[in-house]
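J.: Here it is, the structure, as structure tokens.
In this note's numbering, the protein residues as written are 17 to 242.
Set out below in structure tokens:
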């Protein structure tokens with residue numbers, strides 16, 4: 017295979033991986049432009065190498081070039097796992113992991129010479145990431161949030177029961193509760209909640225502040241999964 021064959025394949029892998037990586041970069045993901053380009057170009061290079069080796073050994077030696085592509089997919093699985101973060105009921109990084117996996121697939125396709133197919137698939141992937149992302153924002157869905165309640169109460173059990181009852185009455189499900197008793201007295205409760213995204217968080221805070229002894233109520237900042 018001469019340079020006129022493998023150079024366009026490498027460039028195509030760079031562009032397809034770069035397009036997906038740029039979208040991730042704009043979303044502030046750790047695995048961004050450089051990661052996706054390296055994954056795509058690396059997958060293309062290994063695929064081209066497999067094709068070259070298969071052509072070099074000829075029919076005298078049995079060599080299955082498709083096994084290299086299978087090995088690339090397996091290896092990318094470990095890389096994608098590193099992009100996924102789970103904290104209690106919140107899972108982040110699934111979309112980024114899927115993008116890394118897709119970049120490897122696009123690189124393999126470019127490496128085999130399927131540049132048109134890889135380009136078309138990349139356009140479809142970008143449409144999914146951009147346009148379906150806007151659509152998801154407008155769909156009713158369940159979200160998981162952490163609510164912190166600080167009180168001067170000396171009885172955390174009573175406070176937890178009262179807060180949980182109020183939250184349940186508002187249609188919010190309490191998944192778990194963490195109780196912390198500071199040295200200076202009082203109690204700090206962290207409620208892990210399952211609620212509808214359209215529910216008014218300000219109303220929840222206002223109602224909980226009405227409980228006797230409550231000194232502060234706040235939502236913990238969470239990063240959405242994208």
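From the three backbone atoms N, C-alpha and C, an ideal C-beta is built for every residue, glycine too.
All of these numbers come straight from a predicted model, not from anything done at the bench.
Just the C-alpha distance for residue 227 and residue 208, rounded to the nearest angstrom, thanks.
T.: Looking at the backbone, the Cα of residue 227 and that of residue 208 are separated by about 19 Å.
J.: Helix or strand or just coil, what does DSSP make of residue 56?
T.: Helix.
J.: Spatial neighbours of residue 236 within its chain, please: CB distance less than 8 Å, with the 5 preceding and 5 following residues excluded, ordered by chain position.
T.: 161, 162, 163, 164, 206
J.: Can you tell me whether DSSP reads residue 31 as helix, strand or coil?
T.: helix
J.: Helix, strand or coil for residue 135 per DSSP?
T.: helix
J.: So, at 7 Å on beta carbons, what are the nonlocal neighbours of residue 239 in its own chain, with the 5 sequence-adjacent residues on each side left out?
T.: Low per-residue confidence applies at residue 239: pLDDT is 46, beneath 50, and the placement is therefore not dependable enough to give any value.
J.: Rounded to a whole number of angstroms, what is the C-alpha to C-alpha distance between residue 127 and residue 137?
T.: Those two C-alpha atoms are separated by around 15 Å.
J.: Given this structure, state the Cα-to-Cα distance separating residue 186 from residue 90, to the nearest angstrom.
T.: Spanning the two alpha carbons is a distance of roughly 46 Å.
J.: Looking at the unbroken beta strand (DSSP E) that takes in residue 167, where does it start and where does it end?
T.: Start and end: 158-167.
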